[in-house]
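Below: one structure, written as structure tokens.
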Amino acid sequence: MPRRGRWRRCGRGRSTRWTSSRCRGRRCRGTGGNPRRSAARSFHLRLRRINAAEEQLLTGSRHPIVLLRRRPGAAVAEAVAPGNPDLGVMLPYTPLHELLFDQPGPCVLVMTSGNLSGEPIVTSDGEALTRLAGLADAWLGHDRPIHVPCDDSVVRIVDDSELPVRRSRGYAPFPIDLPVPVRPALAVGGDLKNTFCLGNGQYAWLSGHVGDMDDLATLQAFERAEQHLEQLTGVRPEVLVTDKHPSYRSRQWAQLHAAGRPVVGVQHHHAHLASVMAEHRYQGRVIGFAFDGTGYGEDGAVWGGEVLLATYDGFERYAHLKYVPLPGGDAGVRNPCRMALSHLLAAGLPWDPRLPSVRACAGPELELLRTQLDKDIACAPTSSMGRLFDAVSSLAGVCHRAGYEAQAAIELEGLVSSDRGLGSYEFAVTGEEIDPAPVLAGVAYDVLAGVEPGVVSARFHQSLAELTVTLAVRVRAARGLTTVALSGGVFVNRVLLSATTTALTGAGFTVLRHRRVPPTDAGLALGQLAVAARRPGRETSCV
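If you read the sequence shown in the working numbering, its first letter stands for residue 1350, the second for the next number, and so on.
Listed below in structure tokens is the structure:
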């Protein structure tokens, strides 16, 4: 390895000049943002809005990346985080970082992880020279080898409380107290934003960020991290816990490595709610709102807009978003304009050529999409709240093609100002079905009337907050439940989480929301563990 501070060049004499857009392209991140590391507090205050809770996070011992709202007119290139009003900011936390900022060094650097998107971080100079040959023009090596890879943690502040987005360095694997003792177990999490969780007795150890389980390198990193955490904790799992999705690689790994141990499947959204319940050490029944992009449902459909009455022992599906076709699976996710047209068709609304979504899909794509939807070709039914966000974002003219996960929702959220009193739309609830047709009709009407996208976004977010209160009040009247749990990746949305919490507490509910583990699939394993731990032995079976 090169000695401390020695630069190594790579490639064929390329310039070492760097841009954020080139960095994202090489890492296959689309238009996702890059974090910034700042040396001077006064400098980052000129770029971003910051409150006391955010400053405490920035300067505390854990040094996570903190998502901060950028100041209007701040001298930050749009390419750093295109379409995103937030900037990920961290302060130097190692001696090497401090040396990089020594005078006459820079006041701020745009940083990114040493990996391709979704893959594990590279931990050696030799590996970097091969796996990252197309990413960087030069490397700064170090004479101390990395024994345990660890991503930076990412946190945002919502209503003066922490909301983890990625729980890793500084947070993992510190133990989490469980509401009940558990037998030695390993919960393997999901396939996206994978983390796993070991549990024994009163404690759970949630791993740091592993990545997306769609390539060999990540699977190998998962195995190394799992073995390392077993060594640290002394836990020898007697049961393995997985998501119920039959094609998840994490589930297949557990089945392959069970060695006669029982493998327990836990429904995706049940695990989400159990995760937030466990971190609060809550043992009762909750009115659970599990809103995310995708999760394997009990009926084989793609769930994601779920209202569950849940305990650790089980759940009742009280209500859900009305099923709509997801055209082309992942292709529908990558193209929010297609999801918008699918929602319009399901709502009985016309594909008006004046709508931005229709214009974005014009030509052969539009005709192919109509044929696909009419003939139900490769159209899985979905109740996903994430896909509804995609649809509204496209209808409002915000995002038609997604270059990274949740881009359409992030950009839609970013348009909401702090102004209140802009009104809302209204969902239709019949039995257990939540129909977004009136909301979509209202959005389309406003867009055609020239209403600003920021106003449309604010009304949509307020509609969802009001929906949660309406449904929670119904459950309270019928079942007497007064505690609400909020989980799933949609609740990373600061605007929605704050508005929903305010509305529910104002209506007299106790609200459980994430403060120690992420609401995304990165917190799934903790919920899986809590559910499996509550099951009597006769219920565990090999799956």
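Note that the Cβ used here is the ideal one computed from N, Cα and C, for glycine as well.
In this text, all values refer to a predicted model and were calculated from it rather than measured experimentally.
| Asked | Found |
| --- | --- |
| Start-to-end residues for the beta strand (DSSP E) that takes in Ser1929 | A question about residue 1929 goes unanswered here, because the residues of the chain that appear run from 1350 up to 1892. |
| Alpha-carbon to alpha-carbon, Ala1777 and Ile1495 | 55 Å |
| Same chain only: Cβ atoms within 6 Å of Leu1816, ignoring 5 sequence neighbours per side | Phe1776 |
| Beta-carbon spacing of Val1747, Pro1785 below 9 Å | no |
| Buried versus exposed call for Ala1874 [16 or more other C-beta atoms within 10 Å across all chains shown] | buried |
| Exposure of Glu1760, with buried meaning 16 or more beta-carbon neighbours within 10 Å | buried |
| Local Cβ density within 10 Å of Met1350, reported as buried at 16 or more and exposed below that | Legend: pLDDT at Met1350 = 34, less than 50; position of this residue unreliable, no value from coordinates given. |
| Local Cβ density within 10 Å of Arg1353, reported as buried at 16 or more and exposed below that | Model confidence at Arg1353 stands at a pLDDT of 45, short of 50, so the residue's coordinates are unreliable and nothing is read from them. |
| Validate contact between the segment 1731-1751 and the segment 1665-1673 using beta carbons, cut 8 Å, 3 pairs | yes |
| Candidates Ala1566, Thr1567 and Lys1542: closest to Leu1555 by CA position | Lys1542 |
| Among Gly1437, Ala1566, Glu1511 and Asp1540, nearest to Glu1476 - alpha-carbon criterion | Ala1566 |
| Rounded C-alpha distance that separates Met1626 from Cys1546 | 16 Å |
| Assigned exposure category for Pro1595 - 16 Cβ within 10 Å defines buried | exposed |
| Ala1680 (DSSP reduced to helix, strand or coil) | helix |
| Three CB pairs or more closer than 8 Å across the segment 1637-1645 and the segment 1610-1628 | yes |
| Secondary structure of Arg1808, DSSP reduced to three states | helix |
| For Glu1782, the first and last residue of its enclosing beta strand (DSSP E) | Glu1782 to Asp1784 |
| Ala1423 in three-state terms, based on DSSP | coil |
| Counted within 10 angstroms of its Cβ, other Cβ atoms place Asp1795 as buried (16 or more) or exposed | buried |
| DSSP state of Ser1836 mapped onto helix, strand, coil | strand |
| Residues that Arg1418 bridges to, as DSSP identifies them | Asp1435 |
| Own chain partners of Ala1603 with C-beta closer than 7 Å, once the 5 adjacent residues on each side are dropped | Val1537, Leu1589, Thr1591 and Val1612 |
| First through last residue of the alpha helix (DSSP H) which encompasses Gly1735 | Met1734 to Leu1744 |
| Distance between Glu1782 and Cys1499 (C-alpha atoms, nearest Å) | 42 Å |
| Element boundaries [alpha helix (DSSP H), containing Thr1854] | Arg1843 to Gly1855 |
| Ala1807 beta carbon less than 9 Å from that of Leu1846 | no |
| When Asp1451, Leu1527, Gln1576 and Leu1458 are compared against Val1497, the one with the closest alpha-carbon | Gln1576 |
| Outcome for Arg1366 when other beta-carbon atoms lying within 10 angstroms are tallied against a minimum of 16 | Only weak support exists for where Arg1366 lies, its pLDDT of 33 falling under 50; the value from the coordinates is given anyway. With fewer than 16 Cβ atoms within 10 Å of its Cβ, Arg1366 is classed as exposed. |
| Within 9 Å, strictly: CB atoms of Ser1517 and Asp1540 | no |
| Other residues of its chain near Leu1878: CB distance less than 7 Å, five sequence neighbours each side excluded | Val1531, Ala1534, Ala1536, Cys1546, Gly1548, Ala1553 and Val1590 |
| With 16 other Cβ atoms within 10 Å as the buried cut-off, status of Pro1529 | Reading off the sequence shown, one finds Val at residue 1529, where the question assumed Pro. Val1529 comes out exposed. |
| Sufficient close CB pairs (3 or more, under 8 Å) joining the segment 1678-1697 to the segment 1654-1666 | no |
| Spatial distance of Trp1700 from Pro1787 (CA atoms) | 16 Å |
| Helix, strand or coil at Gly1803 [DSSP, three-state] | helix |
| Cβ-Cβ distance between His1810 and Leu1512 below 9 Å | no |
| Pairwise C-alpha distance: Pro1586 and His1692 | 44 Å |
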